[in-house]
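Peer 1: Below is one structure. I have some questions about it.
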Amino acid sequence: MEEDDGSTERPGLQALKKTGLTEDADVQAMLRGSRLCKTRSRMWHKEPLYLLQEDGLSVWFQRRIPRAPSQHIFEQHIEAVREGHQPEGLRRFGAAFEPARCLTPAF
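Quick look at the structure:
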């Protein structure tokens, strides 16, 4: 019989700790969950809740629409992350946000 020393953690969280990412403030915020503004036009803005999963490889998000299903974004599907107002959509519609606070995942 194995002894439980109280230090049992889920494997995904252990993997994040080994990489040292749990000390990063942004990673901690995403593990707790963050509302990020999703912008498609001047009038279309949504703020779904994004939550980094403990495996560190997927992000769960919940829409504010009551019956909309929650979804996952998997890290391996993201080809690049563009920072600032680089994408056309953010150049046109993201003026209300500082470039340092903007990002666009490319799938």
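End of the sequence shown sits at 1376 in our numbering; the numbers just go up one at a time, nothing left out. Note that the Cβ used here is the ideal one computed from N, Cα and C, for glycine as well. Quantities reported herein were computed from a predicted structural model and do not represent experimental measurements.
#1: Below 8 Å CB to CB, which residues in the same chain sit around Glu1348 once its five sequence neighbours on both sides are set aside?
#2: Measuring CB atoms only, is the segment 1352 to 1367 touching the segment 1299 to 1318, in the sense that at least three cross pairs come out at less than 8 Å?
#3: Which same chain residues, not among the five before or five after His1346, have their C-beta less than 6 Å away from its C-beta?
#4: For Glu1357 and Val1350, what's the separation of their Cα atoms in angstroms?
#5: Phe1330 by DSSP, collapsed to three states: which one?
Peer 2: Answer, in terms of the structure:
#1: Ala1375 and Phe1376
#2: They touch, by the three-pair rule.
#3: Phe1376
#4: 14 Å
#5: strand
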